[in-house]
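See structure below.
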Amino acid sequence: MPLRTIATFAIAIVLGLIAVVLINVYMGSSRKAQVAQVQAGVGTPVVVAQAPISRGGIVQPAQLKVVNYPAGSVPAGAFSTIAQLTGPKDQQRIALRDLAPDEPVLANRVTLPGGKLNLATELSPGMQAVTFHSSDVTGVGGFVLPNDRVDVMLSRTVGGESNNSHALPLTQVIAENIRVLGVDQSDDQEQSKPQVVKAITVEVTPEQAQQITLAQTMGTVSLALRHVDDTAPVTRLVTTAVSFGYFQAPAPKPMDIHGHAVRRGPEVRITRGTDTTAYQLASAR
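Taking the working numbering, I'd label the letters of the sequence shown as residues 14 to 298.
Here you go:
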């Protein structure tokens, strides 16, 4: 190998090592500066839990402490003083979830001053809670837990009774990507053990609340559990039995008392949503 090539490689290696050393020195000094800022009291004060705070417990001053966060690292909804979180008896706050030591106490983890730990405090503005019956099948085998996201589906038949050959089975999505508030009488978001329940409560818009309530009288309401990061809209809102090769037998022709086919007039079909109704007009004589 030529001497010039060897010299070029050697220079490149030396420059690379120098760059690595400089980066390590810079990163180390930056970390030390951040630690020094916190220790010196420089930064933004943030209230954190000094001791474990259980869900449903009143937030007490002895359970809290103030630490300094580096600028730009303060979490949204943080409090800067303990006085903002505590007060007289009628202004006390209650923890909405378990808080670990050194965990920031954020606004969405405690109630408003004087608030109570109930379902109404966990509802988002403009939303409502609606409950429907559940089973091991419709409730995804008990794996649906508070704070999960689900799609709500209605399975029913249209065009006749379920045992009628002219009835068409279908499933339609009536609410998608909605939050589960509670299972049976539990709204504990720390719950992780699956359990089969008789009722599930979800957070929906007023319009969706009406649809789900009505759907329970029309057929079977079931859930589809979403992945924790899945926010995509449903691309197929209605699936009918035709997708599986379902065939609707033609309606028998009307006969008179002599066994002759009755002449029929024109037919008018009116479709309302997914329901189609046929009206037979009298034939002209």
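Idealized CB from N, CA, C, for every residue including glycine. Only a predicted model underlies this, so the values are computations on that prediction, with no experimental measurement involved.
Own chain partners of residue i with C-beta closer than 7 Å, once the 5 adjacent residues on each side are dropped
i: P114; result: A62, Q63, A64, P65
i: A133; result: none
Top-ranked residue by Cα proximity to residue i, from the options
i: E135; options: E216, V153, V60; result: E216
i: A84; options: G56, D161, S67; result: G56
i: Q229; options: Q73, L28, F145; result: F145
i: R162; options: P138, G139, E189; result: E189
i: V59; options: L28, V193, A120; result: A120
i: L181; options: R192, H240, R169, I191; result: R169
i: L125; options: V251, G90, G139, G155; result: G90
i: E220; options: I19, P74, M140; result: M140
i: M231; options: G172, P138, V79; result: G172
i: P101; options: I36, G29, P74; result: P74
i: G154; options: S137, V27, K211; result: K211
i: A245; options: R110, I191, S256; result: I191
Under 7 Å between C-beta atoms of residue i and residue j
i: S235; j: T151; result: yes
i: V143; j: I225; result: yes
i: I3; j: L77; result: Nothing can be reported for residue 3: it is not among the residues displayed for the chain, which extend from 14 to 298.
i: D149; j: A237; result: no
i: R285; j: A291; result: no
i: D103; j: G127; result: yes
Other residues of its chain near residue i: CB distance less than 8 Å, five sequence neighbours each side excluded
i: V72; result: I66, L98, T99, Q105, R106, I107, A108, V118, V123
Rounded C-alpha distance that separates residue i from residue j
i: I31; j: I24; result: 11 Å
i: V186; j: N81; result: 48 Å
i: T218; j: S147; result: 20 Å
i: V157; j: V196; result: 8 Å
i: R249; j: K129; result: 41 Å
i: D288; j: A222; result: 21 Å
i: V38; j: S137; result: 48 Å
i: V27; j: R17; result: 15 Å
i: L227; j: V247; result: 21 Å
i: F22; j: G29; result: 11 Å
i: D243; j: L35; result: 42 Å
Contacts around residue i, its chain only, beta-carbon distance under 6 Å, and the 5 residues preceding and following it disregarded
i: T184; result: M166, S168, T252
Residue i Cβ short of 6 Å to the ligand ZN heavy atom set
i: E220; result: The ligand ZN is not part of this structure, which contains no ligands at all.
Cβ separation of residue i and residue j, assumed to be a contact under 8 Å, to the nearest whole Å
i: I209; j: N160; result: Contrary to the premise, residue 209 reads as Val rather than Ile in this sequence. Not really, about 19 Å apart at Cβ, beyond 8 Å.
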